[in-house]
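J.:
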DNA sequence: GGCTTATCCTGGGCGC
DNA sequence: TGCGCCCAGGATAAGC
């Protein structure tokens, strides 16, 4: 499940491998992986463009072509963007295939087909073609502060776990790191978001940043599908405190980790370390 | 406007 | 061995 650390890791791998290279051919094997424009235009428009920069905003990968907005990718659940030698066999779930002038290739694979690609023409910006980009909240590792979080969560009655998954509040957090950050903050995921006190918001902000930073250092988290741009798995799952550990003992107090559904998402927590359901 | 729920999608795991 | 069911979850639409 690619979240901010996984997407950042993929971006770093792309930067190291494709800048200066040129797209020589495009093949779309699954039309609904291309969100914009139509498949025919997507294919013809990309050919001949040079990769000039790779950036990340939330969970979006934004690749500039010839210095202009160009190719955007959201990996969603199971998307993988891997740079590999040109003679490498196609992945079983290959959806979009880019041949590069250098002889290498980029394979976009996506088992569950939730991921999307956009071609953004020179006359447009990423934000005009992908409106949700403009609505994203602050980048947690650059602009997030306890004051910003306090303002965003003020008077919110929805539970804090659901609020953390809202990309308009904080960009880039998904199910894994929301659970981990709440555990390390000692905050129960079922607490109403608006009930968090200033000292808790300061702690939560610090732990969000610490968890994401550590996960990036570990190359992300691999539970099933994620790999970096070179096809290598992440390692953070071995360090997780609660996510994916339901039924196991808490690393801090030995209480059995619980799993409940919150907003339709699996939520993992320790009922001892995160006791405070309501204030 | 705020919030919850359903939907998309497909492979893997499990029970029978 | 094969079949059917359930689960995973990011983003968005629909409904309350």
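In the numbering used here, the protein residues as written are 11 to 289. Backbone N, C-alpha and C fix where the C-beta goes; we use that ideal spot for every residue, glycine too.
(1) According to DSSP, what are the bridge partners of residue 84?
(2) If you follow the beta strand (DSSP E) that residue 38 is part of, which residue opens it and which one closes it?
(3) Under a three-way DSSP split, which group does residue 22 fall into?
(4) Can you tell me where the alpha helix (DSSP H) holding residue 212 begins and where it ends?
(5) Just the C-alpha distance for residue 109 and residue 188, rounded to the nearest angstrom, thanks.
(6) Tell me which residues share the same chain as residue 32 and place their Cβ nearer than 6 Å to its Cβ, disregarding the 5 neighbours each side in the sequence.
(7) Using the beta-carbon count (16 or more within 10 Å), is residue 48 buried or exposed?
(8) Which term fits residue 57, buried or exposed, when burial requires 16 or more other beta carbons within 10 angstroms of its beta carbon?
(9) Have a look at residue 54 and residue 125 and give me their C-alpha separation to the nearest angstrom.
(10) Opposite residue 109 in the DSSP bridges: which residues?
(11) Tell me which residue opens and which closes the beta strand (DSSP E) that residue 279 is part of.
(12) Contact between the segment 114 to 122 and the segment 148 to 162: three or more CB pairs below 8 Å?
(13) Are three or more beta carbon pairs between the segment 143 to 160 and the segment 126 to 134 nearer than 8 Å?
(14) Quick one: grab the DSSP three-state call for residue 92.
(15) What whole-angstrom Cβ distance do residue 154 and residue 70 have, given they're in contact under 8 Å?
(16) Candidates 62, 77 and 83: which alpha carbon is nearest residue 45's?
(17) State the DSSP-derived secondary structure class of residue 65, mapped to helix, strand or coil.
(18) Going by alpha carbons, who is nearest to residue 186 out of 216, 148, 169 and 225?
(19) Pick from 229, 102 and 89: whose alpha carbon is nearest that of residue 22?
(20) Leaving out five residues before and five after residue 172 in sequence, what residues of the same chain have Cβ atoms less than 7 Å from its Cβ?
(21) For the segment 130 to 165, which segments carrying the alpha helix (DSSP H) assignment without a break, of at least 4 residues, lie completely within its bounds, in sequence order?
(22) Measuring CB to CB, does residue 198 end up less than 8 Å from residue 93?
(23) For residue 141, count neighbouring Cβ atoms within 10 angstroms of its own Cβ and tell me buried if that reaches 16, exposed if not.
(24) Tell me, which residues are paired with residue 120 by DSSP?
(25) Quick check on DSSP: helix, strand or coil for residue 56?
(26) What's the C-alpha gap between residue 205 and residue 285?
T.: In short:
(1) 70 and 126
(2) 33 to 38
(3) helix
(4) From DSSP, the alpha helix (DSSP H) with residue 212 extends over 208 to 227.
(5) Distance between the alpha carbons of residue 109 and residue 188: 37 Å.
(6) Contacts found: 60 and 111.
(7) exposed
(8) exposed
(9) 21 Å
(10) 35 and 115
(11) Bounds of the beta strand (DSSP E) holding residue 279 are 275 to 279.
(12) By the criterion of at least three beta-carbon pairs nearer than 8 Å, the segment 114 to 122 is not in contact with the segment 148 to 162.
(13) no
(14) strand
(15) At roughly 17 Å, the Cβ-Cβ gap does not stay under 8 Å, so residue 154 and residue 70 are not in contact.
(16) 83
(17) strand
(18) 225
(19) For residue 22, the closest C-alpha among the options 229, 102 and 89 is that of 229.
(20) 272 and 273
(21) 136 to 139, 141 to 144 and 156 to 163
(22) no
(23) exposed
(24) Looking at the DSSP assignment, residue 120 forms a beta bridge with 89.
(25) helix
(26) Computed Cα separation, rounded: 15 Å.
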